[in-house]
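**Student:** What follows is a structure written as structure tokens; I'll ask about it next.
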Amino acid sequence: MIDLEKAFSPEGPLAEAIPSFRPRSQQLEMARLIADALRENRVLVAEAGTGTGKTFAYLVPALLSGGKVILSTGTKTLQDQLFNRDLPTIRAALKVPVTIALLKGRANYVCPYHLARNEREGRFLTAQDAADLRTIARFAKITQSGDKAECSEVREDSPAWFAATSTRDNCLGQECPDVKECFVLSARRAAMDSDVVVVNHHLFFADVMLRDEGMGELLPSCNAVIFDEAHQLPETASLFFGESVSTAQILELARDTRSETLAGARDCRELIDATRALEKAARDFRLAFGSEPARLSAAQAVALPDFNKSLDALNAEIDAFAAVLETQAERSEGLANCLRRTAEIGERLVRWRSPDAGEFIRWVEVFQLSAALNATPLHISGVFRRQLESHPRAWIFTSATLAVGQNFAHYCNEMGLSWIDPPPVTAVWGSPFDYAKQALLYAPAAMPDPNHPDYAEAVARIALPLIRAARGRTFVLCTSLRAMKRIHALISEGLERAGDELPLLLQGEGSRSELLDRFRRMGNAVLVASQSFWEGVDVPGDALSVVVIDKLPFAPPDDPVLAARVEHLQKSGHNPFMHYQLPRAVINMKQGAGRLIRSERDLGVLCICDPRMIEKQYGKIVWRSLPPMRRTRAEADAVAFLEQLPPPRGA
């Protein structure tokens, strides 16, 4: 068996098989600690800076361990990269007989039953949707996996996918007439038989909670779970350890029931009418919140004049709908499934309205076209700790951003790791990049208070000279959508006044992947974006030379989930700002700052406009957590740094 020293050596199998491989001391140290944790069934929490090579650092010991390993990632993009590129490459280099499988949530696989049913009914909003469904039908006949990622001819966000896939709610399970052709079951069987299974965090937690996606069988049989992008786990776990019911779910239930009625109980006109009445009640409930998206506590929602009345009406309509549906449920598996879903939604609504919510935060999220009633756990530490202690196995948590300085207390407390025995092993490896030469951190002087009404104007004023000096090649990352739109408009005006015809992109003008492709391709573009571009975005090379961040990324203080957790910490005698809000902001800031330098050859300026980083005592914690770049407060230094860069491709 190959040992780690040999695997990562300059003459080893990785160097031999992968032209771009370079031995790094941090990578080998990390791989050793992971191998120890795998062997001893320990918990390891490891931060590895950009460029450390953490993917290889966990994949090599995982493949050499000889046990069954679940790899969980934050995004489907990384999931596909691991399965299609990194794992096969390392397996071939190490020459180990390890089997690998990819397992995604059911919404990623074509469902033969729903595809055939919706193809027959043929009701679409646009001709493009109908054409997309025909393309998916052709794909379904030739694909081995059914994974929609392989059907590149149809956009990932095409509405046709909703007609061609199933959800946990509308899947018929073993009662489905097409169960033998089910791609989801096929993927699960492959996962059960494989040594290494690649999942994502959403699927992992959905399965842990629901035990219906295959993980209920996978988890007990595995020897290790490795989480990459582990900084996302607290948020994802909160989502799945909680409970939600939305008007979108109710509208989907009504649509599915109508389709099943037309297929199996066409003579029951009363049920068709009941689906229409249920849809009206769901839409009326959404209208109780006004037109603007919002996040409200349960108390704020209940105080709205139409909330209780419209929720009572929705409850009554669900009961009436269930009564009619029950008379027809025996006529088909689909109708029986719709009855089960109706009962579940009714029970969730009752639980949400119950004043005895235990350690849950009840709140409402209002979207443009729907509203969701949520019950989020006050903390996830207890629930997750039970998973850790359920069976002896290794748990590895790794990311480029987990610690505040060298301290993991915030993360370990939030995830329930601080109270396990033996305690977790923790380690930090800085990036191998030469930040002092490659990058400059610019904290502009004389910025107004972030709450000042003209703050967006000040950010745009700071950004424009940097954009012009870099000849585009800039991300402007904002902490709110309102600020993003205002700053985009101001930069547009400024470039127009200066006569600079640089491509200016705005988040929302296309999908994230489309905008990133355009940004990379143009080579001299400016992208103004908000939170979704702060992480998981990789633009190595000279297409990105400036990252401007408008404010320290603190969550809005009026957010209902944050407000409830702050109140809980205060009652427990803790300082919520230092124990919760600041550590989260530091981790988010490290993510945003990490967009700039992605390779040994990258050069650029990171500009953080928020004066609190310099003027407030807590700002020093943020300052010290950022990479060791050269630092300045003078615009002239930042402009001079950018002017000496080679010109962009798009110039």
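Letter by letter, the sequence shown follows residues 1 to 651 in full-length UniProt numbering.
All C-beta atoms, glycine included, are put in the ideal place defined by N, C-alpha and C.
#1: Does DSSP put S572 in a helix, in a strand, or in coil?
#2: Please find out if some non-hydrogen atom of the ligand NAD comes closer than 8 Å to the beta-carbon of R595.
#3: Mind listing, in chain order, the continuous beta strand (DSSP E) runs of no fewer than 3 residues lying wholly within the segment 277-306?
#4: Under a three-way DSSP split, which group does residue 678 fall into?
#5: Output the distance between the C-alpha atoms of A160 and D129, rounded to the nearest integer angstrom.
#6: Counting along the chain, where does the alpha helix (DSSP H) carrying T77 start and finish?
#7: So, under 8 Å CB-CB, G513 and L504 are touching, yes? Tell me the CB distance rounded to an integer number of Å.
#8: What residue does the alpha helix (DSSP H) around G334 start on, and which one ends it?
#9: Which residues does DSSP pair with R630 in a beta bridge?
#10: Is there contact here, the segment 326-336 with the segment 259-268, by at least three beta-carbon pairs under 8 Å?
#11: In the DSSP assignment, find the unbroken alpha helix (DSSP H) run with N413 in it and report its ends.
#12: Out of S370, D178 and T632, which has the shortest C-alpha to C-alpha gap to S291?
#13: Could you pull out every residue in the same chain whose Cβ sits closer than 8 Å to the Cβ of residue 655, ignoring the five residues on either side in sequence?
#14: Measuring CB to CB, does V198 end up less than 9 Å from L87?
#15: To the nearest angstrom, how far is the alpha carbon of L477 from that of N315?
#16: Checking the sheet assignment: what are the DSSP bridge partners for A224?
#17: Which value, in whole angstroms, describes the spacing of the CA atoms of G494 and L562?
#18: Using only CA atoms, which one of E5, V622 and V605 lies nearest to V639?
#19: Apart from the five residues just before and just after S599, which ones in its own chain have a Cβ nearer than 6 Å to its Cβ?
#20: Going by Cα to Cα distance, which pick from K104, D80 and G12 is closest to V60?
#21: Assuming E635 is part of the alpha helix (DSSP H), what are its boundary residues?
#22: Hey, how far is the Cα of D256 from the Cα of L203?
#23: Do you know offhand how far residue 652's Cα is from L582's?
#24: Would the beta-carbon of L251 fall within 9 Å of that of A282?
#25: What three-state label does DSSP hand P19 in the structure shown?
#26: I'd like the ranges of any alpha helix (DSSP H) spanning at least 4 consecutive residues and lying wholly in the segment 239-280.
#27: From the DSSP secondary-structure annotation, give me the bridge partner or partners of A371.
#28: CA-CA distance, E643 and A470?
#29: From the DSSP output, in three-state form, read off D132 for me.
#30: In the structure shown, what three-state DSSP assignment does L504 receive?
#31: Could you give the C-beta distance for A322 and S244, rounded to a whole number, given that I count them as a contact under 8 Å?
#32: Taking 7 Å as the limit between beta carbons, can you name the residues of its chain near P234, skipping five residues before and five after?
#33: From which residue to which residue does the alpha helix (DSSP H) around I549 run?
#34: Distance check for A57 and S418, CA to CA, integer angstroms please.
#35: Figure out for me which residue from G51, A62, P648 and R42 has the closest Cα to the Cα of L4.
#36: Which class does I142 belong to by DSSP, given the choice of helix, strand or coil?
**Tutor:** A quick look at the data gives this:
#1: On the sequence shown, residue 572 is found 572 positions in, with the first residue counted as 1. The answer is coil: DSSP assigns S572 none of H, G, I, E or B.
#2: This structure simply doesn't include the ligand NAD, nor any ligand for that matter.
#3: 294-297
#4: The structure shown does not extend to residue 678, since the chain is modelled only from 1 to 651, so the question has no answer here.
#5: Position 160 of the sequence shown holds residue 160. Position 129 of the sequence shown holds residue 129. The alpha-carbon atoms of A160 and D129 are separated by roughly 5 Å.
#6: Locating residue 77 in the sequence shown gives position 77, counting from the first residue. Start and end: K76 to Q81.
#7: Numbered from 1 along the sequence shown, position 513 holds the residue referred to as residue 513. Numbered from 1 along the sequence shown, position 504 holds the residue referred to as residue 504. Correcting the residue identity first, residue 513 is Ser in this sequence and not Gly. About 19 Å; that fails the 8 Å criterion.
#8: Within the sequence shown, the letter at position 334 stands for residue 334. That run of the alpha helix (DSSP H) goes E333 to R353.
#9: Reading the sequence shown from its first residue, position 630 is the one you call residue 630. Partner(s): L440.
#10: yes
#11: As a working mapping, residue 413 is identified with position 413 in the sequence shown. Note, N413: alpha helix (DSSP H), A409 to M415.
#12: Counted from its first residue, the sequence shown places residue 291 at position 291. Looking at the Cα atoms, S370 is the closest of the given residues.
#13: Residue 655 falls outside the range modelled here, since the chain spans only 1 to 651, and no answer is possible.
#14: The residue given as residue 198 occupies position 198 in the sequence shown. The residue given as residue 87 occupies position 87 in the sequence shown. Yes, the Cβ-Cβ distance between V198 and L87 is below 9 Å.
#15: Counted from its first residue, the sequence shown places residue 477 at position 477. Counted from its first residue, the sequence shown places residue 315 at position 315. Distance between the alpha carbons of L477 and N315: 42 Å.
#16: Counting from 1 along the sequence shown, the entry for residue 224 is found at position 224. According to DSSP, which records beta bridges pairwise, A224 is partnered with V69 and A394.
#17: By one-based count along the sequence shown, residue 494 stands at place 494. By one-based count along the sequence shown, residue 562 stands at place 562. Going by the C-alpha atoms only, they are around 37 Å apart.
#18: If you number the sequence shown from 1, residue 639 lands on position 639. Nearest C-alpha to V639: V605.
#19: Here residue 599 is taken as the residue at index 599 of the sequence shown, counted from 1. Cβ within range, chain order: P540.
#20: Numbered from 1 along the sequence shown, position 60 holds the residue referred to as residue 60. When only C-alpha atoms are compared, the closest one is G12.
#21: Walking along the sequence shown from the start, residue 635 turns up at place 635. Per DSSP, E635 belongs to the alpha helix (DSSP H) from E635 to E643.
#22: In the sequence shown, counting from the first residue as 1, residue 256 sits at position 256. In the sequence shown, counting from the first residue as 1, residue 203 sits at position 203. Each residue's alpha carbon lies about 24 Å from the other.
#23: This structure leaves residue 652 out entirely; the chain is present only between 1 and 651.
#24: Looking up residue 251 in the sequence shown gives position 251. Looking up residue 282 in the sequence shown gives position 282. Taking 9 Å as the Cβ cut-off, L251 and A282 qualify as a contacting pair.
#25: Within the sequence shown, residue 19 is the residue found at index 19, counting from 1. The answer is coil: DSSP assigns P19 none of H, G, I, E or B.
#26: 247-264
#27: The residue given as residue 371 occupies position 371 in the sequence shown. Looking at the DSSP assignment, A371 forms a beta bridge with V366.
#28: Start at 1 with the first residue of the sequence shown, and residue 643 comes out as number 643. Start at 1 with the first residue of the sequence shown, and residue 470 comes out as number 470. Rounded to the nearest angstrom, the two C-alpha atoms are 6 Å apart.
#29: Indexing the sequence shown from 1 puts residue 132 at position 132. DSSP places D132 in helix when its eight states are reduced to three.
#30: In the sequence shown, counting from the first residue as 1, residue 504 sits at position 504. Strand.
#31: As a position in the sequence shown, residue 322 is number 322, starting the count at 1. As a position in the sequence shown, residue 244 is number 244, starting the count at 1. Actually they are not in contact, since the Cβ atoms of A322 and S244 sit about 20 Å apart, beyond 8 Å.
#32: If you number the sequence shown from 1, residue 234 lands on position 234. Here the set comprises I380, E414 and M415.
#33: Within the sequence shown, the letter at position 549 stands for residue 549. No alpha helix (DSSP H) contains I549, which is instead part of the beta strand (DSSP E) from V546 to I549.
#34: Indexing the sequence shown from 1 puts residue 418 at position 418. Indexing the sequence shown from 1 puts residue 57 at position 57. Going from the Cα of S418 to the Cα of A57 covers about 24 Å.
#35: Position 4 of the sequence shown, counted from the start, is the residue given in the question as residue 4. When each option's Cα is compared against that of L4, the closest is A62.
#36: One-based indexing of the sequence shown puts residue 142 at position 142. Note: I142 maps to helix in three-state DSSP.
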